[in-house]
Structures are given as structure tokens and as C-alpha cells.
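What the sequence shown shows, in this note's numbering, is residues 1 to 266, in sequence order.
All C-beta atoms in this analysis are idealised placements derived from N, C-alpha and C, irrespective of residue type, glycine included.
All values derive from a computational prediction rather than experimental measurement.
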Amino acid sequence: MLLENKVVLVTGAGSGIGQASAIRFAQEGAKVMVADVRAESASNTAAMIEKAAGTAKSIAVDVRVPAQVERMVNETIASFGRLDVLFNNAGVYVPKNVVDTSEEEWDWVVDVCLKGVFLGCKYAIPQMIKQGGGVIINTASGAGLEGVPNLGAYQAAKGGVVIMSKGIALDFARNQIRCVSICPGVIETPIAENCNQVPAGSSSQVWQRTGNMHPLGRNGKPEEVAALAAFLASDQAGFITGVAVPIDGGFNAGAFIPPGLIRASS
Ligand SMILES: NC(=O)c1ccc[n+]([C@@H]2O[C@H](COP(=O)([O-])OP(=O)(O)OC[C@H]3O[C@@H](n4cnc5c(N)ncnc54)[C@H](O)[C@@H]3O)[C@@H](O)[C@H]2O)c1
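Shown next, in the form of C-alpha cells:
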């Protein structure tokens, strides 16, 4: 098992990538604190882990609120005795360009996606220093590496997560704290479905459309991101820090021209 006896804290773990990762971390032997702004979703994930004989607790947290994030970190340490891995994964999305984005929407997206990561790191790192090390994984996005239409606030926040993660890696490397960001393409989760603004019932068409944007011709699955996160969190990745890791079916490899638009070579 990759994470035997490690203590892992995952935000946004009530759904999607966070839920799949919390479950995978537990399968790899970790004790998991499941955190989400939706208390019921968090406790559902924790119950799923316990049902499969894993160890988990849940906590309600709004990652935008400093006192709540500090409490989340303290509760993790009080429950499990330490904190080895922080997975800052909570995120929200507004599919608009900067002209159409309201100030409230900007603040919401940037506060959850970027300030939330800052606060998680701010309160977890002192504990990791005390313990002699730790791992921080921050969920950014392919949209934090490349320009993508209609993602004004989101890509600003995710680009910020990518570069902040590199700086944190440098600041705390000598404390044996590794910090990386992960940059998913479209992953089949509620956020991706909602952001594509589909009418109910037509999700398969939407998934097909977004799948075609990736060179591999499909979307990713939350479990695939969870597998990457489990590896990065583990000692197997002990020499990896300061990187932004795409998990995107080739989306970040360059300008992708779908089959049919390029003349076949004769
Ligand atoms: N799904 C994708 O295509 C995709 C692509 C790139 C990046 N991401 C990123 O992956 C992460 C996880 O997203 P997902 O796809 O699993 O979406 P999701 O909507 O399934 O999960 C996001 C979770 O974050 C929680 N959350 C929202 N606001 C919060 C807050 N203020 N405090 C605490 N929790 C909060 C939600 O309740 C939800 O459970 C996000 O950061 C997202 O931006 C997703």
C-alpha cells in the first residue's frame, strides 16, 4: 500500500475528484479527513470509506474562511495525531469571460480556488515543519497552464495555484515538504457537467463533445486523478516537487486539431 499510516486531509472531498481521491487514499492505507462545504456530502464520503473498512472522519469547512480552515487542520491533528498530506482540491467554476464576470463571481471563484489553497497551506505547513516533512497537492487545471475561452476568473485562480505551488515548493523544500499542483483536463464530475451548462438528460452528448477536445478522444475519470494524487502523495514520489502535472489526455501537449480537419498525407 502506498500510504500506510499516513494522515491525509482532502478538501472538496464530498464529490468528484476529491471523493474518488479520499476513497483511494484510504484504500492505500491512509487515515483520511474528508472536508467539504457541504457537510452531508463530506459525511457520505467518510461513510463510504468506513463501509469499506477504511478510516475516515468528516468535517464541514468553507475553504474561504480562515478560522474554518485553521479548525479543519487542528481537527485533523486532534483526530489522527499528525498531518502528512494536504490535498487542496475544493474548486468552483463560472463559465464566463472577464467582461461578463461580475465582481461577486470573480471573488467567489478566486476565493475558493486560490485563497482556499493559500489558507490550507498557511495552516498546514507549520505542523508539517514540526513533524519533519509533508506533502501538499493543489488541484489547479489545464486552464491554469493554457488559455481557454470563457474562463476569466477560473483560469486566473488556477494559474495562480500553479505558480504559488512552485513557490511553496522552493520556500519549504529544506523542511522536507514537497508541493505540487495537478492540472486535469475535463474530468467527468458534477462541476464539469454543470459548467458545460447542459440541460438535464443530455449529459452523454456533452461528455462526447468535451471528450473530443482531448487528443486521446475522451474525458478523464475521477479515479484516474485519484491514482495520480495517491502516487504524488506517497514516498514513491519522494524526489518530485515544484511541478505542475497535467492529467489531460494530451490537452496540454499543444494545439490539437481533431481528426477530419487535417488533410491525410498521401
Ligand atoms: N472536473 C473537471 O473537469 C476539472 C478539470 C480541471 C480542474 N478541476 C478541479 O478539480 C477540483 C475538484 O473538482 P471536481 O471536478 O471534483 O468538482 P465537484 O464539483 O465534483 O467537487 C468540488 C467539491 O468542492 C466543494 N466546494 C465548493 N466550494 C467549497 C468551499 N468554499 N469550501 C469547501 N469545499 C467547497 C463542493 O462542495 C464539491 O464537493 C476543483 O478544484 C476543480 O476546479 C476539475
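Helix, strand or coil at residue i [DSSP, three-state]
i: I262; result: coil
i: N88; result: strand
i: M164; result: helix
i: S15; result: coil
i: S41; result: helix
i: A20; result: helix
i: G201; result: Any answer about G201 is weak, because its pLDDT of 49 lies below 50 and its placement is not dependable; what the coordinates show is given next. Note: G201 maps to coil in three-state DSSP.
i: I257; result: coil
i: G142; result: helix
i: I191; result: helix
Whole-number beta carbon distance between residue j and residue i, since they are thought to touch under 8 angstroms
i: G242; j: C179; result: 7 angstroms
i: G270; j: V112; result: Past the edges of the chain, shown from 1 to 266, lies residue 270, and the structure says nothing about it.
i: A10; j: A35; result: Looking at the sequence provided, one finds Val at residue 10 rather than Ala. Yes, V10 and A35 are in contact; Cβ-Cβ is about 7 angstroms, under 8 angstroms.
i: V61; j: V37; result: 7 angstroms
Proximity test, residue i beta-carbon vs ligand 1 heavy atom, cut-off 7 angstroms
i: Y123; result: no
i: V63; result: yes
i: R24; result: no
i: R178; result: no
i: N150; result: no
i: I257; result: no
i: G120; result: no
i: T139; result: yes
i: R38; result: yes
Inter-residue spacing [alpha-carbon to alpha-carbon] between residue i and residue j
i: S21; j: A90; result: 12 angstroms
i: V198; j: Y154; result: A caution first: V198 carries a pLDDT of 49, below 50, which makes its placement in the model too unreliable to give a value.
i: A156; j: V117; result: 14 angstroms
i: A200; j: K96; result: Low confidence applies here, because A200 scores a pLDDT of 48, under 50, leaving its location unreliable; read the following figure in that light. Answer to the nearest angstrom: the Cα atoms are 20 angstroms apart.
i: V162; j: Q127; result: 23 angstroms
i: S181; j: E50; result: 28 angstroms
i: V268; j: G120; result: Residue 268 lies beyond the range of the chain shown here (1 to 266); nothing can be said about it.
i: S41; j: Q19; result: 9 angstroms
i: V32; j: I262; result: 48 angstroms
i: K158; j: T101; result: 16 angstroms
i: T139; j: G260; result: 33 angstroms
i: A67; j: G134; result: 22 angstroms
i: G273; j: P190; result: Nothing can be reported for residue 273, as the shown portion of the chain is limited to 1 through 266.
8 angstroms Cβ cutoff, residue i in contact with chain C
i: E28; result: Included in the structure is just one protein chain, with no chain C present.
Bridge partner(s) assigned by DSSP for residue i
i: K31; result: V7, T55
i: C179; result: I136
i: D36; result: A60
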